[in-house]
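**Q** In our numbering, the protein residues as written are 370 to 510.
First, the structure itself, so that you have it in front of you.
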């Protein structure tokens, strides 16, 4: 699950993020035992309304899919789709941009131009100063 704006994700990244986020929603709703300890769920669990936060996150992905002419099934989004913003650190966005850049070099080099100077967040997130998030386990590259 990316903190970056979904417009920065290539086709594979957007689709994978949608699927992973649907799984995260199922975890937050208590419908599955797997994936419960994934570190990225921390920010949704810590929000005032976790289901609204994941709903807003999924909506951002679906909105980008619509812009591209894809049809993500919005009926799969549970509950509310509006949430108070969640903070994400500038360091987290930079780390994710580096990680995504490495992935795109291999699978979608034509998509790299979108990332050149972009560190815009997903619409759910508001950027605050700081290094990578404490829950982050990935390394860039």
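Glycine included, C-beta positions come from ideal geometry on N, C-alpha and C.
1. Expressed to the nearest angstrom, what Euclidean distance is found between the alpha-carbon atoms of residue 488 and residue 448?
2. Is residue 372 near residue 490, with beta carbons less than 8 Å apart?
3. Helix, strand or coil, according to DSSP, for residue 325 in the structure here?
4. Return helix, strand or coil for residue 470, following the three-state DSSP convention.
5. For residue 379, is the classification buried or exposed, using 16 other Cβ atoms within 10 angstroms of its Cβ as the cut-off for buried?
6. For a minimum of 3 consecutive residues, which ranges assigned as the beta strand (DSSP E) are wholly contained in the stretch 413-458?
7. Can you tell me which of 384, 478 and 477 puts its alpha carbon nearest to the alpha carbon of residue 430?
8. Quick check on the burial criterion: 16 or more other C-beta atoms within 10 angstroms. Buried or exposed for residue 381?
9. Tell me, to the nearest whole angstrom, how far the beta carbon of residue 459 is from that of residue 415; I am working on the premise that it is less than 8 Å.
10. Does the pairing of the stretch 466-486 with the stretch 417-426 give three or more beta-carbon distances under 8 Å?
11. Could you work out which residue in 391, 386, 377 and 503 is closest to residue 444 when comparing CA atoms only?
**A** Reading from the atomic positions:
1. The residue given as residue 488 occupies position 119 in the chain shown. The residue given as residue 448 occupies position 79 in the chain shown. When rounded, the distance between both Cα atoms is 29 Å.
2. Indexing the chain shown from 1 puts residue 372 at position 3. Indexing the chain shown from 1 puts residue 490 at position 121. Cβ atoms of residue 372 and residue 490: closer than 8 Å.
3. Any answer about residue 325 is impossible in this case: the structure gives the chain only from 370 up to 510.
4. Counted from its first residue, the chain shown places residue 470 at position 101. Collapsing the DSSP output to three states places residue 470 in a helix.
5. What you label residue 379 is simply residue 10 of the chain shown in a count that begins at 1. With 16 or more other Cβ atoms within 10 Å, it is buried.
6. With a minimum length of 3 residues, the continuous beta strand (DSSP E) runs that stay inside the stretch 413-458 are 455-458.
7. In the chain shown, counting from the first residue as 1, residue 430 sits at position 61. Minimum Cα distance to residue 430 is reached at 384.
8. Along the chain shown, read from residue 1 onward, the residue named residue 381 stands at position 12. Within a 10 Å sphere around the beta-carbon of residue 381 sit fewer than 16 other beta-carbons, which makes this residue exposed.
9. Residue 459 sits at position 90 when you count from the first residue of the chain shown. Residue 415 sits at position 46 when you count from the first residue of the chain shown. Rounded to whole angstroms, the Cβ separation of residue 459 and residue 415 is 19 Å, and the two are not in contact under 8 Å.
10. Contact between the stretch 466-486 and the stretch 417-426 is absent: fewer than three C-beta pairs spanning the two stretches fall below 8 Å.
11. Against the chain shown, residue 444 aligns to sequence position 75. Among 391, 386, 377 and 503, the Cα nearest to that of residue 444 is on 391.
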